Structure formats: structure tokens, C-alpha cells
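**Student:** Please find one structure pasted underneath; my questions will follow.
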Amino acid sequence: MINQIHPNKIRQILFISVLIALGLVIALEMFFMLGAFLGAVTLYVLMRNAMIHLVVDYKWKTPLAALFLMVVSLILLVMPVAWLTSVVIDKLGPVMDDPQMINRSFEQINAYLLSHLNVNIFSAKNVAIVNEKLVGIAQSTLGGTVSILGNLAIMYFMLYFMLTRINDMELWLRRNMPLKHSNVSIVIKEIKQVIYSNAVGIPIVAVVQGLAGMLGYFIFGSAEFLLMGVLTGICSIIPVVGSLLIWLPLAIYEMSQGRTWPGIGIVIWGLVVIGSVDNIARFMLQKRMSDTHPLITIFGVIIGVNLFGFLGVIFGPLMLSIFILLIKVYIDEFGRAGVERH
């Protein structure tokens, strides 16, 4: 007898195919909301306990408590980020209009290194490559920032319903996630830890380093101390090199302009103060910061900046960390050992 596919199997395959096709169309059309969704999830995790505390302990009405926390987050988180973004855009705007400004700065740094240390790092070819990369990164960052600001209303719209439907949403997730109960708990716990690390720990370290750098640049008379402080904070997210990417070229540039002692002062400040502040801040926040591999942070920042602009330095590593976590859970759930257990 010829083996035949059971009609139920055919109907199931057709049904799944339609679901996948519709899901892909919906996902592609709603991809622009990914940043808003990640932002809403991040704020939800940070506000969840406070929301429960207000509603259960202080008997606030659920909508009022949600609106209150959203306004607080807008004042404490979104407005400072928007201000920093405006500073970066305002300062980098002329550079985008005249990329040769970067060339001239690197040429002056290279001339100083060549004459004093006989080091030819920034040759004409290397400068052109660096200039092209920096301008491309800056353009994608600023362009993505405009789009993420446009998604702000969508983010808070999602957040409102998340906060006002905490019990229903979490119960639905626990019941419908296609995982064992133990893995569901692991996913929820790990996602919370990753979000706290990326949305609280990393930004706090960045802000502390940025302020420390800004103070040093101001003390030693750097003309663009505010912009350099912001860039120092952003680069502090990059493992290993971190803020060194900003204060060392700035110090050499100051020396190339004949400001030798201020340049030396910035070097000492970077090594002693900014480096110490980084270690102290990370030590104080180590309970909140997950043990994220440096490569995840680096690739996450690259992906995030391309997708979300300025906020990608947070959302990129967060998204990549969650992706790797889900791979681990999948292996445990459906890998060889998981299949044998079932």
C-alpha cells in the first residue's frame, strides 16, 4: 500500500504556512516599532515593582499609578536623553556638513606624533578610512535617533497597557510560552537581570564617566568639553578601550595645538580619575550588572546604533543578550538532552 499523508497533516501544514506568511508580513510592517517595543519592555521591568507597590500598598487607582510612573520616567529618563541627543546633533551638525574637519584634526594629530614620536598612525589613507567610518556611524546614529524620537508616543502607549494589565499579561505569558515551567522562570529572571544591567548599570557607569571626563576637560580648557564629555560616556560602554577612545586623541590634539601641559593633564586625568571612577562605579553596581561577554556588548552596540540610533547603545546589547539567552533555553528545551528527558 502506498504511504499517503494524512489529511490532518496536510491541513496542519497549510495552516502553519498561512500563519508564518501572515506573521512575516506583520513583522516586516511593524519592524519600525521594535525600538518602541524594547523601550516599553525595559521601562516595564524597571517600573513593575513600583507599580504594584502604589496599587497594592497605597491603594492608588491603576490608571493613575501608571500615568504617574510614566510622567516620572519621562522627566528622569527621556528628557535627559533627548537633551544629550540635541547636544550631540548640534555639535556634530557642522562636522556632517564638512567632513574635512575630521581630516584636518587627524592630520594635526598625525603631524604631532610624527614629529615627536616618529609614529605615523594616521597616514592619509588611514585618515580617509577613519573619516569615512566615523561619518557613516554619526549619520546612522543621528538618523536613527530621529526615528526613535518619533516612536516615543508608541512606546508609552504600549507601556501604559503593560502597567495596567500586569497580572493578565504575566499570567498569559507563563501559560502560553512553549517551554517547561522551570525554563519559563529562568527566561523571566534572566531577562530582568539583563535589562537591569543594560538599562540601569551601563547607563549609570556611562553617566559617571562622562561627568568625570567633562569636568577634566573643562579644568584643562578644552573648547568642546561638553561634547567630549558626552562622547566619553558613550564610548565607556565599549569594553577594554572604552573612554580611552576619546580622552587620548583629545589630549594629543591639545598638544598638537601647542597646549602641551593641558594635554598632559588630560592624559593624567584619564588614567587616574576616569579610570578609577569606572572601576568604582562598576564595583558598586556589580550586583545589578550581569556578566555580559565583551563581544556581546561590542556587536550589540554596532547593531543597536544602526537600528535605533543613539539609544542603540542600550537596546543593541539588550537585544543580543536576550537572543543568546533564548538560544540557550532552546538547546536545554529541545536539544538532545531535552529530547531524552521528554
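Take the position in the sequence shown, starting the count at 1, then add 100; the result is the number in the working numbering.
Just so you know, even glycine gets a beta-carbon here, dropped at the ideal spot from N, CA and C.
Since the model is a prediction, treat every value here as computed from it, not as a measurement.
Ignore the nearest five residues each way along the sequence and tell me which others in LEU370's own chain have a CB closer than 8 Å to its CB.
**Tutor:** Before going further, note that residue 370 is Gly rather than Leu in the sequence given. GLY313, GLY316, SER343, LEU344, TRP347, LEU348, ALA351.
**Student:** Take ILE338 as the anchor and find which of GLY412, ILE380, ASN267 has the nearest alpha-carbon.
**Tutor:** GLY412
**Student:** Is PHE257 helix, strand or coil when you go by DSSP?
**Tutor:** helix
**Student:** Taking Cβ to Cβ, would you say ILE286 is nearer than 8 Å to VAL141?
**Tutor:** no
**Student:** Flag this pair as touching only if the stretch 163 to 174 and the stretch 290 to 301 have three or more C-beta atom pairs under 8 Å; answer yes or no.
**Tutor:** no
**Student:** Among residues of its own chain, excluding the 5 on either side of LEU58, which ones have a beta-carbon nearer than 7 Å to its beta-carbon?
**Tutor:** Any property of residue 58 remains undetermined from this structure, which presents the chain solely from 101 to 442.
**Student:** Along the chain, where does the alpha helix (DSSP H) containing ASN283 start, and where does it finish?
**Tutor:** Run containing ASN283: 281 to 296, per the alpha helix (DSSP H) assignment.
**Student:** When the Cα atoms are used, what is the spatial distance from PHE168 to GLU207?
**Tutor:** 52 Å
**Student:** Taking 8 Å as the threshold (C-beta atoms), are GLU433 and LEU214 in contact?
**Tutor:** no
**Student:** With C-beta atoms as the reference, is THR332 less than 8 Å away from GLY310?
**Tutor:** yes
**Student:** Using CA atoms only, rank isn't needed, just tell me which of LEU271, VAL367, ARG382, MET262 is closest to VAL300.
**Tutor:** Residue ARG382 is the option with its Cα nearest to VAL300.
**Student:** Flag ASP378 as yes if its beta-carbon sits less than 8 Å from any beta-carbon of chain D, otherwise no.
**Tutor:** Among the chains in the structure shown there is no chain D, since it carries only a single protein chain.
**Student:** Have a look at VAL77 and ILE319 and give me their C-alpha separation to the nearest angstrom.
**Tutor:** Residue numbering for the chain in the displayed model covers 101 to 442; residue 77 lies beyond these limits and cannot be assessed.
**Student:** Ends of the alpha helix (DSSP H) at PHE320?
**Tutor:** No alpha helix (DSSP H) contains PHE320, which DSSP labels as neither H nor E.
**Student:** Considering only residues of the same chain and omitting the five flanking positions on each side of ASN267, which have a CB-CB separation below 8 Å?
**Tutor:** none
**Student:** Report the option in MET355, VAL330, HIS393 whose CA atom is closest to the CA atom of TRP183.
**Tutor:** VAL330
**Student:** Between which two residues does the alpha helix (DSSP H) containing PRO278 stretch?
**Tutor:** For PRO278, no alpha helix (DSSP H) run applies, since DSSP gives it neither H nor E.
**Student:** Would you mind sorting ASP273 into buried or exposed? The rule is 16 or more other CB atoms within 10 Å of its CB.
**Tutor:** Note that residue 273 corresponds to Leu in the displayed sequence, not to Asp. LEU273 comes out exposed.
**Student:** Using CA coordinates, which residue listed in SER356, LEU326, GLY358, PHE399 is at the minimum distance from VAL188?
**Tutor:** Ranking SER356, LEU326, GLY358, PHE399 by Cα distance to VAL188 puts LEU326 first.
**Student:** With DSSP collapsed to three states, give me the class of MET101.
**Tutor:** Caution applies to MET101, whose pLDDT of 46 falls short of 50 and renders its modelled position unreliable; the value that the coordinates give is listed next. Residue state, collapsed to three classes: coil.
**Student:** The alpha helix (DSSP H) that contains PHE415, what's its start and end?
**Tutor:** 412 to 434
**Student:** Whole angstroms are fine: how far does the CA of ILE402 sit from the CA of LEU395?
**Tutor:** Looking at the backbone, the Cα of LEU395 and that of ILE402 are separated by about 11 Å.
**Student:** Please return the same chain residues whose Cβ sits closer than 7 Å to the Cβ of TYR256, not counting the five positions on each side in sequence.
**Tutor:** MET170
**Student:** Would you mind stating whether TYR158 and LEU263 have Cβ atoms separated by less than 8 Å?
**Tutor:** no
**Student:** Please go through the stretch 340 to 385 and give each complete alpha helix (DSSP H) segment of 4 or more residues, from N-terminal end onward.
**Tutor:** The stretch 340 to 385 contains these whole alpha helix (DSSP H) runs: 344 to 356, 360 to 369, 375 to 384.
**Student:** One question on the structure: do ALA166 and MET151 come within less than 8 Å of each other, judged by their Cβ atoms?
**Tutor:** yes
**Student:** Tell me the DSSP secondary structure of TYR158 in three-state form.
**Tutor:** coil
**Student:** Is ASP378 near VAL307, with beta carbons less than 8 Å apart?
**Tutor:** no
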